[in-house]
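For what it's worth, the working numbering labels the leading residue of the sequence shown as 1, then goes sequentially. A virtual CB, placed ideally from N, CA and C, is assigned to each residue, including glycine. Here the structure is a predicted model, which means the values were calculated and not measured. Take a look at the structure below.
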Amino acid sequence: MPFKLPKRQTSGSVVCFSCQKLVSIEQKNCPQCGQANPGLWGYARPLRRLGADFGFIKIVLIGCILLYLITLLFDLPGVQSAGVMRLLMPSSYSLLVFGSTGAVPIFQWGRWWTVLSSGWLHGGLWHLGFNMAWLNYLSPMVARGYGAGRLVSIYTVTTVTSSLLTSSIAQYWITLPRSFSGASFSVGASGGVFGLLGALVIYGQLANQRQVLRQALTLTIISFVLSAFVGRVDHWGHVGGFVGGYLMGLMPGFNPTQPQRLYHLGIAIGALVVTLASLILSPIHALLIG
Ligand SMILES: [Zn+2]
């Protein structure tokens, strides 16, 4: 299917991206909520066609799958498989080059931007599959509660809080038993997945959406219990993501009972640019500078 640029809407009505009420595309300000450019210069409708998350999950899916293939191909002889559950694992070297995080990359090598890049890398086929399935399921729920712009910010920030917590625990709490220690090296989107779960829990509480709250709590408990049975799971990374997502819902501007505004979409674009920069900087630093 050829790629088509979205067509700008010039007539008719559109759902205001902020308050979700119908407005005329010609209206400069939403009569319901006062938001300027309620139709996003004619692009609100094509964006909404991509889903409640304005296509964000597609970007994550395509990005993570591409990076998984790149990390496999970059060091083909280093690819390992150990049984059905540990299929097609990119080499540690390859993951390091493209931005795995943890106490060693951050505190020993000064690769601080990996707090973000690591969320787009995966250590095996199942790791990738599970995380993408969770994201695909949770993203529309978070987008409906917070709006697409805030979803992108929550996902980006909680990827960082997840990496920071697990790396700091590994660096500064060295007396912890090995099975409870933080990560010296870590990759995966699960920090952001747990971030979305934390954001859904606080959304359920603040917006008094009991069904969402019950579902989010159940999914969170299932995720923590399930990952307890899988070896080599970054538990502190999960905690860091969840707490980060929960706290974000309490931040000014991120309260899900308030509608999202134009500046949230601006911050989301900024978050995507910073993420892309971290992913480009990683191999450049590793191969040319580091
Ligand atoms: Zn409105």
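Residue i CB to nearest heavy atom of ligand 1 below 7 Å
i: Lys21; result: yes
i: Cys16; result: yes
i: Cys64; result: no
i: Gln108; result: no
i: Gln35; result: yes
i: Gln260; result: no
i: Gln27; result: no
i: Pro46; result: no
i: Gln9; result: no
i: Pro256; result: no
i: Pro6; result: no
i: Gln32; result: yes
i: Gly105; result: First, the residue type needs correcting, since residue 105 is Pro and not Gly in the sequence shown. The answer is no for Pro105.
i: Pro38; result: yes
Neighbourhood of residue i by C-beta, 7 Å cutoff - its chain only, sequence neighbours within 5 removed
i: Asn37; result: Leu262
i: Arg125; result: One detail in the question is off: residue 125 reads as Leu in this sequence, not Arg. So the list reads Leu87 and Leu88, once near-sequence residues are dropped.
i: Gly99; result: Thr114, Ser117, Ser118, Leu121, Ser278, Leu279 and Ser282
i: Val142; result: Leu151, Ile154, Leu196, Ala199 and Leu200
i: Val104; result: Ser184 and Phe185
Buried/exposed call for residue i, threshold 16 Cβ in 10 Å
i: Leu151; result: buried
i: Arg8; result: exposed
i: Met1; result: With a pLDDT of 48 at Met1, under the threshold of 50, the modelled position of this residue cannot be trusted; read the value that follows with caution. Met1 should be labelled exposed.
i: Trp120; result: buried
i: Val60; result: buried
i: Met132; result: buried
i: Ala82; result: exposed
i: Trp236; result: buried
N- and C-terminal bounds of the beta strand (DSSP E) containing residue i
i: Ser24; result: Leu22 to Ser24
i: Val14; result: Ser13 to Val15
Contact set for residue i: own chain, Cβ-Cβ below 6 Å, skip 5 residues either direction
i: Ser227; result: Val233
i: Phe107; result: Gln171
i: Gly302; result: A question about residue 302 goes unanswered here, because the residues of the chain that appear run from 1 up to 290.
i: Phe74; result: Ser94
i: Leu165; result: Trp236 and Gly240
Delimiting residues of the alpha helix (DSSP H) encompassing residue i
i: Met251; result: It is not in any alpha helix (DSSP H) - Met251 carries neither H nor E in the DSSP assignment.
i: Thr158; result: Ala148 to Tyr172
i: Gly270; result: Leu262 to Ile284
i: Arg45; result: Ala44 to Arg49
i: Thr114; result: Thr114 to Ser117
Cβ neighbours of residue i in the same chain (closer than 8 Å, five flanking residues each side left out)
i: Asn255; result: Leu206 and Gly249
i: Ile57; result: Gly51, Leu135, Asn136, Ser139 and Pro140
i: Thr10; result: Ile25 and Gly42
i: Gly145; result: Ala199, Leu200, Tyr203, Ala207, Gln209, Val212 and Pro256
(message) Which complete alpha helix (DSSP H) runs does the stretch 176-239 hold, if anything under 4 residues is left out?
(response) Taking only runs of at least 4 residues, the alpha helix (DSSP H) segments lying wholly in the stretch 176-239 are 190-206 and 210-228.
(request) Tell me the start and end of each unbroken alpha helix (DSSP H) in the stretch 55-110 that is at least 4 residues and wholly inside, in chain order. (result) Runs of the alpha helix (DSSP H) inside the stretch 55-110: 56-74 and 92-98.
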